[in-house]
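Worksheet for the structure shown next.
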Amino acid sequence: MRRNREPEAEKENSERWLLTYSDLITLLMIFFVVLYSMSKVDADRFQAIAESLNKALGGGIPAKMEMADSPVGPSIFTTGSPSSNSTVPGKDTDPDNTTNADSDNTNGENISTGQGNNEAETMSIEGIKAKLDKFAADNGIQTKLVSSMEERGLVVSIQETLLFESGSADINAKARDILRNISTVLASAPNQIRVEGHTDNVPIHTAQFPSNWELSVIRATNVVQILQNEGIRPSRLSAAGYGEYRPIALNDNAEGHGKNRRIDLIILRSKYDITEPTKTAAPTP
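The sequence shown maps to residues 12 to 296 in the working numbering.
Here is the structure:
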C-alpha cells in the first residue's frame, strides 16, 4: 500500500528584512540629496565665480548676475536688470505682458537697424569697387589693378610693376598718380584700410633689404605715406608685410612671380573694427 508523503515544512527566510532595510536607506539618501539641492547658495561666492567665468570665457564686461529670491523656478539666477528680467516682490505684474512686447519690438528694431547698416556698408564698398574697376579699365591697367570682394572687405590688389622697380621700394611718379586717384575714391568711406606688402619667393639680400620681409614691409609703409599725404586720415591706415609667405599663385614661373609681387589695399568691413587697436589717452606723468 502506497504511503502519502508528508509535505515538507516551508523554510523560514531569515534575510527578508534586508530588502526593507535597503529600500529605507535608498529613500533616505534621495531625501537628503533633495534637501541639499534646495539649500541656500552662497550668493556672494556664486556671484564672484560667475563674473570670473564671464571674464575668462567672454572677454568683455561681465553681466550683472543676481540671485533669485526663491529657488523655485527654472533658474537660480537671472542676468541683466531685475526690472526687465525678473518680477520684483511687492509690485503688480503686467497682465497684458506689455513689457515683454516692448522688449521684443526694441530687439526687432535693433536687428533691422543692424541689417540696414550692413547693407548700406556693402553698397558703399561695392560702389568703391565699381569706381576703381572703371579707373583701371579707363587706363588700361585692369590686369594689374584688380579688386575683389572678400569676407573681410574689398581687396584692391596692385601688381609690383605698377608701383616699384624690381628689388626696390621707391614709388615712381606714375605710381604716385595711380595712388592719388585711388585715395580720392577711398577717402569717401570711413572704413579702416590695411596696406599689405607681398613678394615672390626669389631671395633678396642687400644692405637695405636683408630679406623679403623688409622689402614687403617698407613697400607697404611707403604706400601708406602716399595715402596719408593724399588726405586719408592716419588713424584709418595700417601697414603689414608678409614677405613671400602669402602667395596667390604658384612661384614656379614668371607669371606666378608677377602675381605674388603685389600691394594689397584692404578696405575692412566695420565689424572688424573691434579687432583693431583703439586709441587711448597718453598716461599722465
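Idealized CB from N, CA, C, for every residue including glycine. It should be emphasised that the depicted structure is a prediction, and the values quoted were computed from it without experimental measurement.
Pick from the options that is closest to residue i, judged by C-alpha positions
{"i": "S249", "options": "K185, G151, I277", "result": "I277"}
{"i": "D211", "options": "P201, E162, E62, K270", "result": "K270"}
{"i": "T195", "options": "K140, Y32, L38, T286", "result": "K140"}
{"i": "N233", "options": "R187, H268, A218, E255", "result": "R187"}
{"i": "N262", "options": "V235, P214, L143", "result": "P214"}
{"i": "H216", "options": "E225, H209, K155", "result": "E225"}
{"i": "E132", "options": "I152, R163, K145", "result": "R163"}
{"i": "T154", "options": "I182, I274, E161, Q170", "result": "Q170"}
{"i": "I182", "options": "S135, R230, A147", "result": "R230"}
{"i": "G151", "options": "L173, E130, I136", "result": "L173"}
For residue i, the three-state DSSP class (helix, strand or coil)
{"i": "V211", "result": "With the sequence shown as reference, residue 211 is identified as Asp, and Val is not the correct amino acid for it. Residue state, collapsed to three classes: coil."}
{"i": "S168", "result": "strand"}
{"i": "D144", "result": "helix"}
{"i": "P288", "result": "coil"}
{"i": "S50", "result": "coil"}
{"i": "S159", "result": "strand"}
{"i": "I60", "result": "helix"}
{"i": "D34", "result": "helix"}
Distance between beta carbons of residue j and residue i, contact taken as under 8 Å
{"i": "L165", "j": "I237", "result": "Not quite, the Cβ-Cβ distance comes to about 19 Å (not below 8 Å), so this is no contact."}
Straight-line Cα distance separating residue j from residue i
{"i": "A180", "j": "I60", "result": "54 Å"}
{"i": "P201", "j": "P245", "result": "12 Å"}
{"i": "Y47", "j": "M40", "result": "11 Å"}
{"i": "D284", "j": "R205", "result": "12 Å"}
{"i": "L35", "j": "S50", "result": "23 Å"}
{"i": "V157", "j": "P288", "result": "29 Å"}
{"i": "S95", "j": "Q58", "result": "With a pLDDT of only 43 at S95, under 50, the local geometry of the prediction cannot be trusted, and no value is derived from it."}
{"i": "D149", "j": "S63", "result": "58 Å"}
{"i": "A260", "j": "G252", "result": "17 Å"}
{"i": "K185", "j": "N192", "result": "11 Å"}
{"i": "G138", "j": "M160", "result": "12 Å"}
{"i": "N240", "j": "S177", "result": "24 Å"}
{"i": "E130", "j": "L279", "result": "15 Å"}
{"i": "K142", "j": "V228", "result": "27 Å"}
{"i": "S199", "j": "S135", "result": "9 Å"}
Starting from the N-terminal side, write out each stretch of the alpha helix (DSSP H) that is 4 residues or longer and does not extend beyond the stretch 221-261. 223-240
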